[in-house]
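Structure record follows, encoded as structure tokens.
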Amino acid sequence: MSSLAAVLRTAVLTALLLPLSANAIEVTGMKDFPDLHGRYAPAGDCSREPLIVVDPQGISITVSGKTERYAKVEYAASYGGNFYQGIVQWFFPYGAPGNWPVIMAFNADETRDKLTISANDEGWKGGPPLKPRNKALVDASPYRKCR
Numbered sequence: 006m007s008s009l010a011a012v013l014r015t016a017v018l019t020a021l022l023l024p025l026s027a028n029a030i031e032v033t034g035m036k037d038f039p040d041l042h043g044r045y046a047p048a049g050d051c052s053r054e055p056l057i058v059v060d061p062q063g064i065s066i067t068v069s070g071k072t073e074r075y076a077k078v079e080y081a082a083s084y085g086g087n088f089y090q091g092i093v094q095w096f097f098p099y100g101a102p103g104n105w106p107v108i109m110a111f112n113a114d115e116t117r118d119k120l121t122i123s124a125n126d127e128g129w130k131g132g133p134p135l136k137p138r139n140k141a142l143v144d145a146s147p148y149r150k151c152r
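The opening residue of the sequence shown carries number 6 in our numbering; numbering runs sequentially from there.
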């Protein structure tokens with residue numbers, strides 16, 4: 006195969022695969038997502054942990070009595086695909102490019118006020134195990150907005 010043919014083949018394959026990738030954008034605070042604001046806990050019982058609080062300033066996560074606050078999160082705007090029109094909104098609450106340990110799906114399963122937290126870059130077969138804090142978040146899923 007000539008080098009020009011190889012370059013063209015690579016370009017075509019890349020173009021075909023681009024729409025399949027999910028892009029995330031960093032957002033500061035959650036002020037643009039008012040429908041997600043509130044407290045989320047297992048079965049909607051806010052006396053239990055883990056407890057997730059979403060407010061205009063960001064996301065707070067309490068596990069085993071320790072709260073961590075995230076003012077900047079990654080909004081996975083295209084996670085559902087180019088033509089997705091449902092109500093689920095996906096966020097990577099913490100991490101760095103190439104290492105987003107968990108993903109949060111608000112309005113999960115097209116159910117308003119339901120939150121699921123799933124393993125992403127940790128906890129997969131052959132990969133790094135979930136850190137204890139992340140495991141607690143995943144194991145307690147699904148969450149419901151507290152009333």
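All residues carry an ideal CB built from backbone N, CA and C; glycine is no exception.
Check: Out of Trp95, Asn112, Asp114, which has the shortest C-alpha to C-alpha gap to Trp105?
Finding: Per the Cα distances, Trp95.
Item checked: Contact under 8 Å by Cβ, Leu142 with Pro55 -> The answer is yes: Cβ separation under 8 Å.
Next item on the list: Kindly indicate which residue of Leu41, Ile66, His42 has the alpha-carbon position closest to the one of Arg53.
Entry: Among Leu41, Ile66, His42, the Cα nearest to that of Arg53 is on Ile66.
Notebook entry, point to check: Mind checking whether Leu41 and Val58 have CB atoms under 8 Å apart?
Noted result: Taking C-beta atoms as the reference points, Leu41 and Val58 fail to come closer than 8 Å.
Checklist line | Alpha carbon of Thr3 to alpha carbon of Gly43, nearest angstrom | finding: Residue coverage of the chain in this structure runs from 6 to 152, which leaves residue 3 outside it and unanswerable.
Margin query: Please identify the residue among Pro147, Asp114, Asp37 whose C-alpha is closest to the C-alpha of Gly85.
Written below: Considering only alpha carbons, the answer is Asp114.
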